[in-house]
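Residue numbers (full-length UniProt numbering), protein chains in the order written: chain A, 1 to 158; chain B, 1 to 184. Virtual Cβ for every residue (Gly too), placed ideally from N, Cα, C.
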Amino acid sequence: MSRYLRSTALVVQVACGIQLFNENIAEFTWCFGPSMLPTLNMTGDIVAYEHLTQRFSKLDTGDLVVAVSPLDPSKLVCKRIIGVPGDKVCINPVSLHRQYITVPPGHYWLMGDNLNNSTDSRVYGPVSGGLILGRVFARLWPSPKWLGNGMEEIMEFV
Amino acid sequence: MSFTAFGTATRQFLKLCLPWVPVGIYFVEHGYSLGTVHGRSMQPTLNPDSNMLRKDVVLFNHWAIDRFDYQIGDVVTLRHPDQPEKTIIKRIIALEGDVVQTRPPYSEDYVRIPRGHCWIEGDEMFHSNDSNRFGPVPLGLIKAKVDYILYPFDRFGKVPDKPRGNRIHYAPGHRLYNRLNDIE
């Protein structure tokens with residue numbers, strides 16, 4: 001009897017330890033959908049994300065992040081940060097009449113890579129930093145790969 | 001007891017207790033935890049005393065929020081939408097689809113709560129930094145429900161309700177729709 005109790009206790013301890021690691025250091029999730037198309041597949045990718053950057057440093061423009069959806073707290077979204085607090089961003093670069101918005105303090109402007117098929121900040125506005133869970137740093141499956149900041153500098157033509 | 005015996009006892013104790021530390025942290029983060037309430041935005045429900053040194057100790061229920069159990073009238077803690085590192089304590093006034101008549105700092109007179117959002121206000125309307133300032137907040141920011149007041153023992157018990165008033169027009173299909181909107 002005591003052996004069973006002890007092994008149950010061990011399982012509980014290990015599960016809680018893993019859960020703590022997942023919540024505070026890094027975890028992986030399955031994300032699918034067309035919104036991040038050239039970067040992530042539509043049929044589903046397993047990506048790993050970490051919670052350390054937003055805790056000890058700052059999220060930057062171009063980072064891929066996993067966030068709680070502002071439209072449904074039980075769903076997660078994976079988007080790219082387009083604007084950090086204080087940035088002036090174009091609400092919809094695809095539209096004819098462009099409007100600009102200054103990202104409020106504590107918020108981020110998130111967009112999918114596939115602008116034609118993405119529910120993002122254009123729909124729900126700037127996303128509070130409290131909803132952002134972590135920064136995506138790798139794709140685990142298929143074709144494992146590090147996913148860094150996707151920003152590239154565009155050469156200026158003067 | 002010799003020094004080595006003491007060391008052995010300590011080691012035995014640590015060996016027994018350390019594995020339970022993650023379990024404890026998990027319980028505090030996802031089950032129930034205690035906390036003190038600062039500020040006067042929830043007067044007279046919490047911190048009714050004007051003495052700033054006396055703070056209420058309350059029980060946070062994280063378990064209910066993990067199951068997405070939000071009700072109108074619940075007192076909850078949430079991350080401040082503009083300062084994610086700051087936690088505030090407010091009361092849920094309206095959920096998605098409801099129309100709220102706002103109070104002065106807000107730019108519009110009426111606002112319909114968008115999908116996945118809620119309207120939160122402090123019970124003390126004059127000293128509260130709430131949705132009337134920053135608008136509807138996403139439900140994902142809510143961290144815990146405040147169920148019980150623990151510390152001043154004379155007020156021990158469930159957090160009191162607040163009369164709902166007539167500033168909210170509940171959406172059709174809402175649990176409270178028939179009961180309240182028909183009265184008007």
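Margin query: Strictly below 8 Å CB to CB, what residues from chain A border R115(B)?
Written below: L71 and D72
Check: Just by C-beta distance, which residues in the stretch 24-36 of chain B are closer than 9 Å to chain A?
Finding: G24, I25, Y26, F27, E29 and H30
Next item on the list: For S2(A), go through chain B and note every residue whose CB falls closer than 8 Å to its CB, in chain order.
Entry: By Cβ distance, chain B contributes nothing, its closest Cβ being about 14 Å from S2(A), past 8 Å.
Notebook entry, point to check: Using DSSP with H/G/I as helix, E/B as strand and the rest coil, what is G11(A)?
Noted result: One point to set straight first is that residue 11(A) is Val, not Gly, in the sequence displayed. Here V11(A) sits in helix by DSSP.
Notebook entry, point to check: Any residues in the stretch 93-117 of chain A with a beta carbon nearer than 8 Å to a beta carbon of chain B? Which ones, in chain order?
Noted result: P104, P105, G106 and H107
Next item on the list: Just mark C17(B) as buried or exposed, buried being the case when its beta carbon has 16 or more other beta carbons within 10 Å.
Entry: exposed
Check: Quick one: any contact between the stretch 109-129 of chain A and the stretch 25-35 of chain A, if contact means 3 or more CB pairs under 8 Å?
Finding: yes
Item checked: DSSP beta-bridge partners of W63(B) -> Bridge partners of W63(B): none, in fact.
Check: Hey, quick one: how far does the alpha helix (DSSP H) through L52(A) stretch, first residue to last?
Finding: L52 to F56
Notebook entry, point to check: Rounded to a whole number of angstroms, what is the C-alpha to C-alpha distance between K86(B) and D60(A)?
Noted result: 21 Å
Notebook entry, point to check: Thinking C-alpha only, which one of R122(A), P70(A), K145(A) and H51(A) is nearest I113(B)?
Noted result: P70(A)
Item checked: Host beta strand (DSSP E) of H117(B) (start-end) -> H117 to E121
Item checked: Three-state secondary structure (DSSP) of I25(A) -> coil
Next item on the list: Could you tell me the boundaries of the beta strand (DSSP E) in which V68(A) lies?
Entry: L64 to S69
Note to self: Ignoring anything shorter than 4 residues, give me the alpha helix (DSSP H) runs that lie fully in the stretch 85-152 of chain A, in order along the chain.
What the structure shows: 121-124
Checklist line | Between the CA atoms of G129(A) and M52(B) - distance to the nearest angstrom | finding: 30 Å
Check: Can a CB atom of chain A be found closer than 8 Å to the CB of Q83(B)?
Finding: yes
Margin query: Contact between the stretch 127-141 of chain B and the stretch 94-107 of chain B is defined here as three or more beta-carbon pairs at a separation below 8 Å; is this criterion met?
Written below: yes
Checklist line | For F6(B), three-class secondary structure by DSSP | finding: helix
Check: For T170(B), which three-state DSSP category applies?
Finding: For the record, residue 170(B) in the displayed sequence is Tyr; it is not Thr. Residue state, collapsed to three classes: coil.
Checklist line | V14(A) burial status per 10 Å Cβ neighbour count (16 or more: buried) | finding: exposed
Notebook entry, point to check: Counting only beta-carbon atoms, is G129(A) nearer than 8 Å to chain B?
Noted result: yes
Next item on the list: Note down the Cα distance separating G39(B) from G83(A), rounded to an integer number of angstroms.
Entry: 33 Å
Margin query: Can you tell me which residues form a DSSP beta bridge with W30(A)?
Written below: I46(A)
Margin query: Comparing C-alpha positions only, which one of G44(A), W30(A) and G148(A) sits nearest to L64(A)?
Written below: G148(A)
Next item on the list: Write down the C-beta distance between V68(A) and L133(A) rounded to the nearest angstrom, noting that I regard them as a contact closer than 8 Å.
Entry: 7 Å
Check: Expressed to the nearest angstrom, what Euclidean distance is found between the alpha-carbon atoms of P104(A) and G73(B)?
Finding: 28 Å
Next item on the list: Starting from the N-terminal side, write out each stretch of the beta strand (DSSP E) that is 3 residues or longer and does not extend beyond the stretch 66-130 of chain B.
Entry: 75-79, 87-95, 99-101, 110-112 and 117-121
Margin query: Taking CB distances under 8 Å as the criterion, tell me whether residue 225(B) reaches chain A.
Written below: Outside the shown range of chain B (1 to 184) lies residue 225(B), about which nothing can therefore be said.
Check: If we ignore side chains and look at the alpha-carbon of each, how far apart do A171(B) and W119(B) end up?
Finding: 14 Å
Notebook entry, point to check: Does the distance from the C-beta atom of I89(B) to that of V37(B) stay below 8 Å?
Noted result: yes
Note to self: What would DSSP say about I154(A), mapped onto helix, strand or coil?
What the structure shows: coil
Note to self: Applying the 10 Å Cβ sphere with the 16-neighbour rule, what's the burial state of R135(A)?
What the structure shows: buried
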